[in-house]
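>
2 protein chains.
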Amino acid sequence: MAMKGNLIVGQSGGPTAVINSSLAGVIKASWKAGIRRIYGMHYGIEGLLQEDIVDIEDYITSGQDLSLLKRTPSAFLGTCRYKLPPVEGHEDVYEKIFDILDKKNIEFFLYNGGNDSMDTIKMLSDYAITHNKKQKFMGIPKTIDNDLPMTDHCPGYGSSAKYIATSMKEIIRDNESYGVSKPTICIVEIMGRHAGWLTATAALSKDIDCSGPDLIYLPEVTFDIDDFIARIKKLAETKKSIVVAVSEGLKTADGKFVCELGTVNDHVDAFGHKQLAGTASYLANRVTAETGLKSRYIEFSSLQRCASHLASRVDADEAYNVGYLAAEAAFNGETGKMITIEVKSREPYVETYNSFDIHEVANIERKVPKKWIINDGTYVSDEYLEYARPFIIGSIQPYTAGGLPTHLTMKKKRK
Amino acid sequence: MAMKGNLIVGQSGGPTAVINSSLAGVIKASWKAGIRRIYGMHYGIEGLLQEDIVDIEDYITSGQDLSLLKRTPSAFLGTCRYKLPPVEGHEDVYEKIFDILDKKNIEFFLYNGGNDSMDTIKMLSDYAITHNKKQKFMGIPKTIDNDLPMTDHCPGYGSSAKYIATSMKEIIRDNESYGVSKPTICIVEIMGRHAGWLTATAALSKDIDCSGPDLIYLPEVTFDIDDFIARIKKLAETKKSIVVAVSEGLKTADGKFVCELGTVNDHVDAFGHKQLAGTASYLANRVTAETGLKSRYIEFSSLQRCASHLASRVDADEAYNVGYLAAEAAFNGETGKMITIEVKSREPYVETYNSFDIHEVANIERKVPKKWIINDGTYVSDEYLEYARPFIIGSIQPYTAGGLPTHLTMKKKRK
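Chains A and B are the protein sequences, given in the same order.
Residues in the first sequence are numbered consecutively from 16, following the numbering used here.
Residues in the second sequence are numbered consecutively from 16, following the numbering used here.
1) Mapping DSSP to helix, strand and coil, what is M153/A?
2) So with Cβ pairs under 7 angstroms, would you call L63/A a contact of chain B?
3) Strictly under 7 angstroms for the Cβ-Cβ distance: is H324/B near chain A by that measure?
4) Per DSSP, what kind of secondary structure is D189/A in: helix, strand or coil?
5) Closest Cβ-Cβ distance between D281/A and chain B: below 7 angstroms?
6) On a CA-only basis, which of Y58/A, V41/A, G49/A is nearest M425/A? Give me that one, please.
7) So is S196/A buried or exposed if we call it buried at 16+ other beta carbons inside 10 Å?
8) Measure the CB-CB distance between I354/A and A341/A and report whether it falls below 7 angstroms.
9) Answer with buried or exposed for G40/A, where buried requires no fewer than 16 other C-beta atoms within 10 angstroms of its C-beta.
10) Roughly how many whole angstroms lie between the Cα atoms of D134/A and T181/B?
11) Return helix, strand or coil for A176/A, following the three-state DSSP convention.
12) Could you check whether P405/B and P413/B sit closer than 7 angstroms to each other, using their CB atoms as the reference points?
13) S37/B and I155/B look like a contact to me (Cβ under 8 angstroms); what is the Cβ gap, rounded to whole Å?
14) Across which residues does DSSP place P420/B in a beta bridge pair?
15) Taking Cβ positions only, does G55/B come closer than 7 angstroms to chain A?
16) If you reduce the DSSP assignment to three classes, tell me which class C95/B lands in.
17) Which residues of the region 164-196 of chain B have a Cβ closer than 8 angstroms to any Cβ of chain A? Give them in chain order.
18) Quick one: Cα of T31/B to Cα of P88/B, how far?
19) State the beta-bridge partners of M183/A as determined by DSSP.
20) Roughly how many whole angstroms lie between the Cα atoms of Y109/B and G194/A?
21) Go through its chain and collect everything with a Cβ distance to N161/B's Cβ below 6 angstroms, but skip five positions before and after it.
22) Y364/A CB to nearest chain B CB: under 7 angstroms?
23) Determine contact between the region 229-243 of chain A and the region 390-398 of chain A, defined as no fewer than three beta-carbon pairs at a distance below 8 angstroms.
24) Output, in chain order, the set of chain A residues within a Cβ distance shorter than 7 angstroms of D224/B.
25) Could you have a look at K271/B and say whether DSSP puts it in helix, strand or coil?
26) Would P100/B count as contacting chain A if we go by Cβ distances under 7 angstroms?
27) Counting only Cβ-Cβ distances shorter than 8 angstroms, please list the residues of the region 105-127 of chain A near chain B, keeping chain order.
28) Which same chain residues, not among the five before or five after S226/B, have their C-beta less than 7 angstroms away from its C-beta?
29) Do T214/A and L233/A have their C-beta atoms within less than 7 angstroms of each other?
30) Mapping the DSSP letters down to three states, classify R246/A as helix, strand or coil.
31) Starting from the Cα of E66/B, find the closest Cα among M56/B, I144/B, S310/B and give me that residue.
32) Tell me the rounded alpha-carbon separation between S175/A and A217/A.
33) Using beta carbons (cut-off 7 angstroms, strictly below), is Y58/A in contact with chain E?
34) Would you say T199/A faces chain B, with C-beta separation under 7 angstroms as the test?
35) Reducing DSSP to helix, strand and coil, say where C321/B ends up.
36) Strictly below 7 angstroms CB to CB, what residues from chain B border R86/A?
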């Protein structure tokens with residue numbers, strides 16, 4: 016079967032370790048369906064608006080290429096953070112997009128991202144329906160933040176979880192190695208401004224060979240600094256090594272981000288620029304100031320979203336599947352939907368896939384259920400662990416050369 | 016052959032990903048020599064002084080245990096930062112140590128660490144000779160800083176290099192993924208207060224599939240902030256993604272650490288504590304203040320010394336070998352020496368081992384040769400890359416359970 020229309024796929028928002036597995040799924044489904052041209056938006060919708068479009072088969076032509084693509088971190092096509100304006104008053108933007116799509120005979124439009132990206136799918140599919148356009152628009156979920164609704168979890172989350180849990184085990188070991196001197200407090204900062212899904216993964220490190228973090232603070236709960244310091248003091252009475260996982264998005268009762276507290280005096284450096292401390296660095300300083308104990312901080316920073324060398328097999332497979340199924344759904348005439356993951360059984364792990372009306376997904380942020388946050392907001396429950404454990408199972412061994420992982424690059428294959 | 020005397024081994028200084036491979040080598044050599052009791056200092060010499068001594072065969076009794084030990088990050092026995100005082104005026108300290116050793120019939124004393132630890136071996140072996148003690152003292156090199164003299168390189172360095180180079184490849188990919196908007200400058204901070212060996216490893220990321228960092232700054236060269244900003248501005252004219260590797264130990268011409276510059280106004284927070292910014296965070300703020308460009312910073316922190324999931328095979332094997340050979344040398348009556356690595360050929364890689372008088376090693380810090388620092392102090396040369404490339408070859412796959420690496424813990428095996 017050969018389709019008449021072409022396909023375009025874009026990647027959007029913060030990259031993940033498996034965002035390219037979804038791209039691989041889209042390409043494979045397109046090959047199977049006999050799509051003539053598989054286009055890629057270079058740097059997402061922002062690139063598309065500048066007609067920066069690539070022909071994916073300039074770079075990827077074989078199953079071997081797909082295997083390396085799956086092992087390549089970050090967005091192969093490039094990404095953007097761009098929210099489409101409302102149609103009213105910005106008809107020109109929409110006309111431009113559809114002109115570009117029509118010019119390239121693009122019938123299938125796939126967009127891989129989080130909340131904002133699903134909003135893009137919603138706006139475009141609504142516009143297509145109301146303006147009688149032929150294009151089909153499908154959303155492919157992706158976010159390390161795991162905050163998309165309607166899906167059990169999001170591709171990208173599992174690999175970040177595996178990175179965080181693996182690193183936490185190693186950090187806890189490292190922190191425990193000094194035992195004779197005074198206790199050392201290590202505060203680890205994890206991404207997630209509004210939802211604590213990623214910070215919760217720190218608890219996965221707890222096992223027979225690892226005590227796990229002592230405290231875990233999610234942004235779903237108001238952060239009480241005095242209570243935090245009191246808990247550290249209490250722990251320090253019996254423990255030499257104290258490790259705490261904190262979300263970058265912690266807020267105090269007055270609504271301020273903890274990471275903003277370090278600049279209360281509006282301190283600016285010699286060049287007029289505020290020195291912003293992170294949440295963990297602020298808290299580490301505060302702990303030392305109030306307890307006299309040694310403290311340090313670790314920020315996982317972008318490593319937690321790009322460490323493809325630690326990608327989870329379950330996560331990579333699911334990312335591939337949602338990409339594949341989104342393309343297939345578009346070929347079957349579906350539009351204005353996002354593929355979702357439903358978990359039929361957690362032990363053994365069995366998942367299945369559905370598609371959901373994009374209006375029920377876009378712009379809605381799902382948070383960690385309050386019932387899963389325990390110990391007065393300082394840990395996550397066994398129910399959370401049962402939920403998350405399957406996502407980090409298995410690994411995708413990188414292909415290596417000279418001891419380092421190799422990645423697929425945008426070097427043209429054919430002329 | 017069964018030896019009459021017992022052995023004690025200690026780990027000291029900052030942990031590495033392969034410090035336990037050296038411990039495995041010591042244990043294996045001791046088994047082969049028929050040592051009756053293999054003791055471990057719990058938390059290094061500091062623990063020994065408190066008679067905190069463990070019987071290693073309470074935890075490790077088989078080749079399987081040794082395999083898991085090699086895959087376990089950080090110091091299995093615990094570590095310390097403790098410098099022995101001079102003998103004169105502190106005879107009691109030395110008498111106490113030798114009393115403890117005699118009480119346990121310990122004849123062989125092995126210490127695994129960096130400069131300070133080799134000083135410990137020097138002091139103890141000198142004392143033993145001048146006081147007619149039977150004990151033999153051997154040093155096992157270990158430091159991610161790679162700053163020990165007389166040895167081509169130090170066990171621990173290769174695995175940190177592999178972690179840094181792998182992460183740099185992933186970070187550069189991540190930073191390149193935003194392409195339409197303004198350039199983004201990412202500044203990565205790497206350990207090494209006085210020597211730039213570890214920062215130099217960032218250059219290993221450069222390959223056919225990775226452009227590598229744009230600039231690399233080692234502490235061996237005085238850091239000129241104005242020149243740095245000018246280079247960033249120049250790069251930003253043609254590049255969207257700029258990644259810079261900086262050593263935590265960078266100093267300006269007036270001898271100040273860059274990381275101290277963020278507190279020029281003696282800013283203290285509400286609790287009287289200085290907020291110390293790191294080198295990378297200070298420079299990222301400074302870049303944005305002076306260029307208006309987006310910047311971010313990443314600190315590898317203790318991850319670069321504890322990521323055993325990325326341990327290098329060459330490094331782990333060499334760590335094992337220096338441990339094994341140090342024990343064997345002690346059994347053969349050698350004392351006051353450190354095992355060193357000599358590289359016979361880099362391509363193919365062939366190494367051999369020697370032992371060196373500890374007086375030529377202790378307290379001497381080896382820096383990166385000036386001739387290997389090029390481009391006005393902003394990069395490292397191909398000669399450096401040829402030197403370092405063999406150290407990251409191969410990997411030790413972790414044993415895993417539930418998707419995470421498993422580690423050996425101090426749980427007693429026998430009663």
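Even glycine gets a Cβ: it sits at the ideal position worked out from N, Cα and C.
For this structure:
1) Strand.
2) No, its Cβ sits nowhere closer than 7 angstroms to a Cβ of chain B.
3) Using beta-carbon distances, H324/B counts as an interface residue toward chain A, with a partner under 7 angstroms.
4) Correct three-state label for D189/A: helix.
5) A caution first: D281/A carries a pLDDT of 44, below 50, which makes its placement in the model unreliable, though a value can still be read off. No, because no Cβ of chain B sits closer than 7 angstroms to the Cβ of D281/A.
6) That would be Y58/A, whose Cα lies nearest to the Cα of M425/A.
7) The residue is exposed, with fewer than 16 neighbouring Cβ atoms inside 10 Å.
8) Yes, these two residues count as a Cβ contact at 7 angstroms.
9) Classification of G40/A: buried, given that the 10 Å Cβ count is 16 or more.
10) Using only the alpha carbons, I get a separation of about 35 angstroms.
11) Correct three-state label for A176/A: helix.
12) Not in contact: P413/B and P405/B (Cβ atoms no closer than 7 angstroms).
13) Here S37/B really is in contact with I155/B; their C-beta atoms are around 5 angstroms apart, less than 8 angstroms.
14) DSSP lists T415/B as partners of P420/B.
15) For G55/B, the answer is no, since every Cβ of chain A falls outside 7 angstroms of its Cβ.
16) Here C95/B sits in coil by DSSP.
17) Those residues of the region 164-196 of chain B that come within reach of chain A (Cβ to Cβ, closer than 8 angstroms) are K177, A180, T181, S182, K184, E185, I186, R188, D189, N190, E191, S192, Y193, G194, V195, S196.
18) Those two C-alpha atoms are separated by around 7 angstroms.
19) None, per the DSSP bridge assignment.
20) Computed Cα separation, rounded: 22 angstroms.
21) For N161/B, where only same-chain residues beyond five positions count, the Cβ hits under 6 angstroms are H168, C169, Y172, W212.
22) For Y364/A, the closest Cβ of chain B is not nearer than 7 angstroms.
23) The answer is yes - the region 390-398 of chain A touches the region 229-243 of chain A, with three or more Cβ pairs under 8 angstroms.
24) Against D224/B, the close residues of chain A are T421, H422, T424, in the order they occur along the chain (beta-carbon pairs closer than 7 angstroms).
25) The answer is coil: DSSP assigns K271/B none of H, G, I, E or B.
26) Answer no: the Cβ-Cβ gap between P100/B and chain A never drops below 7 angstroms.
27) Of all residues in the region 105-127 of chain A, none has a Cβ within less than 8 angstroms of some Cβ in chain B.
28) The residues are I187.
29) Their beta carbons are under 7 angstroms apart, which means T214/A touches L233/A by this criterion.
30) If DSSP states are grouped into helix, strand and coil, R246/A belongs with the helices.
31) Answer by Cα proximity: M56/B.
32) Answer to the nearest angstrom: the Cα atoms are 10 angstroms apart.
33) Going by chain labels, chain E is absent from the structure shown, which instead holds the protein chains A and B.
34) So, not an interface residue.
35) In this structure, C321/B counts as helix in the three-state DSSP scheme.
36) Going along chain B, no residue has its Cβ under 7 angstroms from R86/A, so there is no contact; the nearest lies around 11 angstroms.
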